[in-house]
Each structure stands twice: as structure tokens, then as C-alpha cells.
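Quick notes on the structure that follows.
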Amino acid sequence: MSERADGRDLVPISALLSYRLSRTSSAMSRSAALRYKREFDVSLGEWRAIALIAADPTLTLNRLARRAGLDKAQMSRVVSRLTERGLVNRTAGSGRSSQLALTEEGTRVYRGLITAANERDADFLAILSGEEAAILHRALDKLAELALTVEERERAHAADA
């Protein structure tokens with residue numbers, strides 16, 4: 032096996048932090064998607080849109096797409112499905128944007144979804160001690176901050192190329 036820049040042996044993909052986090056996140060998301068579909072007949076993308084709209088009723092489609100990590104076309108399809116189901120209202124905003132808000136039914140579904148999400152979160156955190164949970168939260172904050180910095184650096188390199 033080759034060496035890394037720090038002199039240690041290179042690790043296989045299965046031991047890379049980013050790979051392990053991605054696999055864990057994917058498994059957590061898949062189980063959430065199954066539960067939310069079964070209990071509320073919403074996809075994971077629909078759940079995220081509902082939750083983000085509930086958290087910020089001033090969202091436009093563009094801002095919602097950015098916060099959800101989807102492109103505008105994907106989010107537009109999600110919002111259209113939610114609108115057709117009577118869970119989200121679209122009202123004209125400034126320019127070509129539209130304001131998004133949960134309907135009464137959307138708010139009812141959101142309450143069920145956020146309750147289920149909190150139950151799932153508690154189940155995952157229950158296997159950790161209080162100290163482990165605190166360390167995990169701090170570590171995730173640090174990793175997220177560094178990930179954004181590295182992303183900006185990579186964008187700058189790509190722009191220079």
C-alpha cells in the first residue's frame with residue numbers, strides 16, 4: 032500500500048471518512064424515506080421541502096432549492112406535486128418568483144412528519160452516551176465548516192483552470 036503525505040499508509044475507500052459518512056447518511060435517508068412514504072405518502076424530497084417551507088414561510092422556489100441541495104428544476108417538480116396534493120400554496124411574489132406556504136393540510140402533514148423525524152433522531156442518538164452525542168455534534172459542526180471551505184477552494188481552482 033502507498034503512503035499518504037503525512038507518512039501513514041493509504042486507507043481503502045471503505046475506511047475514508049467521507050465514504051463512511053456518505054454511506055451512513057444514505058442508510059439513514061433510505062429508512063426515513065420508507066417510513067415517510069408509508070406513514071404520510073411523501074417522498075424524502077417532498078418531506079424536505081415541506082420541512083424547509085414550515086421553517087421559513089418566506090421561501091421562494093430558488094431559495095428552497097438551494098437549501099434542499101437540489102437544482103431548481105428538481106425542486107419545481109417536487110413543489111408541483113405538493114401543490115397538486117393540496118399541501119403547498121404558490122402565490123405570486125416579486126418578479127417571476129413565487130412565494131411558497133404550507134396549506135392547512137400541509138401543516139397537518141408537517142406536524143406528523145416532524146414528530147416522526149424527531150422520534151428517528153432520538154432513536155439514533157439513544158445509542159450514544161451524552162458525551163458521545165455532544166462530541167458528535169461538535170465534530171459534525173467542524174466537518175461541515177471545513178467542507179464548505181474546501182468546496183470554496185475547489186471552486187476557485189476550477190475557475191482558475
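Here the sequence shown stands for residues 32 to 192, where the numbers follow our numbering.
All C-beta atoms, glycine included, are put in the ideal place defined by N, C-alpha and C.
As the structure is a computational prediction, the values presented were derived from the model and not from experiment.
Beta-carbon spacing of residue i, residue j below 8 Å
| i | j | result |
| --- | --- | --- |
| glutamate 77 | valine 109 | yes |
| alanine 123 | tyrosine 67 | no |
| isoleucine 81 | leucine 52 | no |
| methionine 106 | leucine 118 | no |
| leucine 75 | serine 62 | no |
| arginine 121 | serine 129 | yes |
| leucine 90 | leucine 83 | yes |
| leucine 171 | leucine 159 | no |
Rounded C-alpha distance that separates residue i from residue j
| i | j | result |
| --- | --- | --- |
| phenylalanine 155 | aspartate 191 | 42 Å |
| serine 111 | alanine 132 | 13 Å |
| leucine 179 | alanine 85 | 25 Å |
| alanine 99 | arginine 39 | 37 Å |
| glutamate 70 | proline 43 | 39 Å |
| leucine 48 | alanine 175 | 13 Å |
| arginine 127 | glutamate 115 | 20 Å |
| arginine 54 | alanine 64 | 15 Å |
| proline 88 | aspartate 152 | 24 Å |
| arginine 97 | lysine 103 | 8 Å |
| alanine 189 | leucine 177 | 18 Å |
| serine 45 | serine 57 | 14 Å |
| alanine 165 | glutamate 150 | 18 Å |
Where the alpha helix (DSSP H) through residue i begins and ends
| i | result |
| --- | --- |
| arginine 116 | No alpha helix (DSSP H) contains arginine 116, which DSSP labels as neither H nor E. |
| leucine 92 | 92-99 |
| aspartate 191 | 161-191 |
| serine 56 | 48-71 |
| isoleucine 158 | That residue, isoleucine 158, is in no alpha helix (DSSP H); it is neither H nor E in DSSP. |
First through last residue of the beta strand (DSSP E) which encompasses residue i
| i | result |
| --- | --- |
| serine 129 | 129-133 |
Option nearest residue i by Cα separation, candidates the options
| i | options | result |
| --- | --- | --- |
| valine 73 | Arg97, Leu144, Thr138, Ala46 | Leu144 |
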